[in-house]
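Written below as C-alpha cells is the structure these notes are about.
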Amino acid sequence: MPLYRSLPRSGLDFPLVELRDELDRLWTSLTAAPPLHGWGVRPASDVFPAVNIGESDDCITIEAELPGLDAGDIDIAVNGEELVLKGARPETQTPAAPAKPDAGAGHGNGERQASVTWHRRERGTGSFERRLMLPTGVDASRVEAKLVDGVLTITCPKAPERQPHKVAVRAG
Amino acid sequence: MVPTFHSAAQPAAPARPDQSVESSQPTAAPCLVYQPNVDVCDCGAEVMLVADMPGAKADSMNVSFEDGVLAVFAQVPQRPLQGRQIGQEYGIGDYRRSFRLGEGFDASQISAEYRRGVLTIHVPRLAAVRPRKIEVRSA
Numbered sequence: 000m001p002l003y004r005s006l007p008r009s010g011l012d013f014p015l016v017e018l019r020d021e022l023d024r025l026w027t028s029l030t031a032a033p034p035l036h037g038w039g040v041r042p043a044s045d046v047f048p049a050v051n052i053g054e055s056d057d058c059i060t061i062e063a064e065l066p067g068l069d070a071g072d073i074d075i076a077v078n079g080e081e082l083v084l085k086g087a088r089p090e091t092q093t094p095a096a097p098a099k100p101d102a103g104a105g106h107g108n109g110e111r112q113a114s115v116t117w118h119r120r121e122r123g124t125g126s127f128e129r130r131l132m133l134p135t136g137v138d139a140s141r142v143e144a145k146l147v148d149g150v151l152t153i154t155c156p157k158a159p160e161r162q163p164h165k166v167a168v169r170a171g
Numbered sequence: 000m001v002p003t004f005h006s007a008a009q010p011a012a013p014a015r016p017d018q019s020v021e022s023s024q025p026t027a028a029p030c031l032v033y034q035p036n037v038d039v040c041d042c043g044a045e046v047m048l049v050a051d052m053p054g055a056k057a058d059s060m061n062v063s064f065e066d067g068v069l070a071v072f073a074q075v076p077q078r079p080l081q082g083r084q085i086g087q088e089y090g091i092g093d094y095r096r097s098f099r100l101g102e103g104f105d106a107s108q109i110s111a112e113y114r115r116g117v118l119t120i121h122v123p124r125l126a127a128v129r130p131r132k133i134e135v136r137s138a
C-alpha cells in the first residue's frame with residue numbers, strides 16, 4: 000500500500016517525488032513479500048523440518064528438506080486434516096570413530112572427542128516431530144511420499160467430497 | 000599446530016536460510032544463494048566436511064581447493080509445487096560456501112561424495128604433516 004499518493008509530475012524538477020515513489024515501491028515490495036526471506040523470518044531452530052505447501056484442485060503437496068535421512072527413517076501419518084511427520088537424523092559419522100548416540104550433549108566449536116576435533120557442528124541431529132493441519136480433508140489411503148536428494152515430497156489427494164465439482168450447463 | 004577453520008570471504012555462517020541474495024551470473028535474473036549448514040571434523044589424517052545441500056545434483060556441484068581455500072558451489076534447480084503455494088517456510092536457491100583450511104593438505108587426494116542430500120568432502124593431510132604418536136621407551 001503506497002504511503003503517499005503519487006503526484007503527476009516527477010523528474011529533475013521534483014527529485015523528492017522520485018525518492019518518495021521509490022520508498023513507496025520498496026515498502027510495497029516488503030509488505031507483499033512472503034514471510035520467509037529477510038524480515039519476519041522464523042528462526043530455523045523453531046521448527047524442523049520447515050515445509051512448503053502447495054494446493055491444487057485435486058491435491059495438496061507438502062515439501063520438506065530432510066538431508067541425510069533414508070526413506071525408512073521417516074514416518075508419515077495422515078488422519079483427517081492432520082499430517083504428522085516424524086523421524087530422526089543421525090549424528091555425523093567420523094572416519095576415525097563412529098559417533099556415539101549420546102555425543103550430542105556437548106556441541107560446540109573445538110569440541111574434542113578422542114582423536115577427533117569438531118571445528119563446526121551446524122547440522123542438527125536427533126528426533127523430530129511435526130504436526131501440520133491441512134487446509135482440507137485428504138484421502139489418507141492415496142497419500143504418496145518420495146524422498147529424492149534429501150527433499151521429501153508428500154502428495155495428498157483431496158477427499159472426493161472436497162474436490163471441486165464441475166457442473167455441466169445444458170443448452171435449453 | 001592446530002589449524003583454524005573459518006569461512007573465507009564470508010561472515011560467520013548463520014543457520015540456513017542465509018537471506019543473502021546475489022546474482023550467480025551478471026546477465027541472469029538474481030537468485031537466492033544459501034550457505035549450507037556444515038560440520039567440520041579434524042580427524043588427524045584428514046579434515047572432513049559434511050554439508051547439508053538438499054535438492055542439489057552431484058553433476059551440478061563444483062568443489063575446488065585453491066590457495067588453502069576449499070570452495071563449494073552447487074546449482075539447485077527450482078522445483079515449483081503443484082498448484083498455488085499456500086505456505087512457504089523456506090526458500091530454494093543455490094548453495095555456496097568456502098573455508099580456509101590452510102596449508103599441508105594433499106589437493107590431489109581430495110574426494111567428495113553426494114548422497115541423500117548431504118555432501119561429504121574428505122581433505123587428507125600430506126603425510127609429512129600428519130600427527131604422529133611418539134612411543135616413549137623406558138630406559
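Top to bottom, those sequences are chains L and G. Per numbering that gives the first Met the number 0, the very first residue in the first sequence carries number 0; after that it's consecutive. Per numbering that gives the first Met the number 0, the very first residue in the second sequence carries number 0; after that it's consecutive. Beta carbons: idealized from backbone N, C-alpha and C, even for Gly.
Exposure label - L/MET132; buried when at least 16 CB within 10 Å: Reading the first sequence from its first residue, position 133 is the one you call residue 132 of chain L. Classification of L/MET132: exposed, given that the 10 Å Cβ count is below 16.
Contacting positions in the stretch 77-97 of chain G - beta carbon closer than 9 Å to chain L: The residues in question are ARG78, PRO79, LEU80, GLN81, GLY82, ARG83, GLN84, ILE85, GLY86, GLN87, GLU88, TYR89, GLY90 and ILE91.
Per-residue DSSP class, three states only, for G/GLN87: To locate residue 87 of chain G, count along the second sequence from 1; it is residue 88. Residue state, collapsed to three classes: strand.
Between the CA atoms of L/VAL115 and G/GLU65 - distance to the nearest angstrom: Numbered from its first residue, the second sequence carries residue 65 of chain G at position 66. Numbered from its first residue, the first sequence carries residue 115 of chain L at position 116. Approximately 25 Å, taken between the alpha carbons.
Status (buried if at least 16 other CB within 10 Å, exposed otherwise) for L/ARG169: Your numbering for residue 169 of chain L matches position 170 in the first sequence. The residue in question, L/ARG169, is exposed, as its Cβ has fewer than 16 Cβ neighbours within 10 Å.
Euclidean distance between Cα positions of G/PRO76 and G/LYS56: Translated into positions along the second sequence, residue 76 of chain G becomes position 77. Translated into positions along the second sequence, residue 56 of chain G becomes position 57. Approximately 9 Å between the Cα atoms of the pair.
Outcome for L/ILE59 when other beta-carbon atoms lying within 10 angstroms are tallied against a minimum of 16: Position 60 of the first sequence, counted from the start, is the residue given in the question as residue 59 of chain L. It is buried - the Cβ of L/ILE59 has at least 16 other Cβ atoms within 10 Å.
Through-space distance from G/TYR89 to L/PRO163, alpha-carbon basis: Indexing the first sequence from 1 puts residue 163 of chain L at position 164. Indexing the second sequence from 1 puts residue 89 of chain G at position 90. A direct Cα-Cα distance of roughly 29 Å separates L/PRO163 from G/TYR89.
Interface residues of chain G facing L/VAL150 [CB-CB closer than 8 Å]: Translated into the one-based positions of the first sequence, residue 150 of chain L becomes position 151. Taking a Cβ-Cβ cut-off of 8 Å, the neighbours of L/VAL150 in chain G comprise PRO53, GLY54, ARG78 and GLY116, given in sequence order.
Below-8 Å beta-carbon distance, L/GLY71 vs any chain G residue: The residue given as residue 71 of chain L occupies position 72 in the first sequence. Judged by the 8 Å Cβ criterion, L/GLY71 is not in contact with chain G.
heavy atom of the ligand PLP below 7 Å from G/GLY54 C-beta: Looking for the ligand PLP in the displayed structure turns up nothing, as the structure carries no ligands at all.
Any C-beta of chain L under 8 Å from that of G/VAL62: The residue labelled residue 62 of chain G in the question sits at position 63 within the second sequence. It does not: the Cβ of G/VAL62 has no partner Cβ on chain L nearer than 8 Å.
Between the CA atoms of G/TYR113 and G/GLU102 - distance to the nearest angstrom: As a position in the second sequence, residue 102 of chain G is number 103, starting the count at 1. As a position in the second sequence, residue 113 of chain G is number 114, starting the count at 1. If you take the alpha carbons of G/GLU102 and G/TYR113, they lie about 25 Å apart.
Nearest residue (CA-CA) to L/PHE47, options L/ALA87, L/ARG19, L/LYS145 and L/THR91: In the first sequence, counting from the first residue as 1, residue 47 of chain L sits at position 48. Taking L/PHE47 as reference, the option from L/ALA87, L/ARG19, L/LYS145 and L/THR91 with the minimal CA-CA separation is L/ALA87.
The stretch 128-138 of chain G touching the stretch 70-88 of chain L, judged by at least three CB pairs closer than 8 Å: Too few Cβ pairs lie closer than 8 Å, so no.
L/ASN51 - containing beta strand (DSSP E), residue span: If you number the first sequence from 1, residue 51 of chain L lands on position 52. L/ASN51 -> beta strand (DSSP E) spans 50-54.
Where L/SER55 meets chain G, residues with beta-carbon distance less than 7 Å: By 1-based counting over the first sequence, the position of residue 55 of chain L is 56. Simply GLN81 and GLY82.
Contact list for G/VAL122 against chain L, beta-carbon separation under 8 Å: Residue numbering aside, residue 122 of chain G sits at position 123 when the second sequence is read from its first letter. Neighbours of G/VAL122 on chain L: none; closest Cβ ~12 Å, over 8 Å.
Under 8 Å between C-beta atoms of G/ARG83 and G/GLY54: Residue 83 of chain G sits at position 84 when you count from the first residue of the second sequence. Residue 54 of chain G sits at position 55 when you count from the first residue of the second sequence. No, the pair does not count as a contact, with Cβ atoms beyond the cut-off.
CB contact check: G/ASP38 to chain A, cutoff 8 Å: Looking at the structure shown, chain A is missing, and the protein chains on hand are L and G.
L/TRP26, buried or exposed, once every other Cβ within 10 Å from all chains shown has been counted against 16: If you number the first sequence from 1, residue 26 of chain L lands on position 27. Exposed, by the Cβ-count rule.
Closer than 8 Å to chain L by CB, G/CYS30: Reading the second sequence from its first residue, position 31 is the one you call residue 30 of chain G. Residue contact with chain L for G/CYS30: absent (no Cβ-Cβ distance below 8 Å to any residue of chain L).
Integer Cβ distance of L/THR135 from L/GLU90, believed to fall under 8 Å: Working through the first sequence from its first residue, we reach residue 135 of chain L at position 136. Working through the first sequence from its first residue, we reach residue 90 of chain L at position 91. With 8 Å as the limit, L/THR135 and L/GLU90 do not qualify as a contact, their Cβ atoms being about 38 Å apart.
Identified DSSP bridge partners for L/GLY125: Start at 1 with the first residue of the first sequence, and residue 125 of chain L comes out as number 126. Partner(s): L/ARG88.
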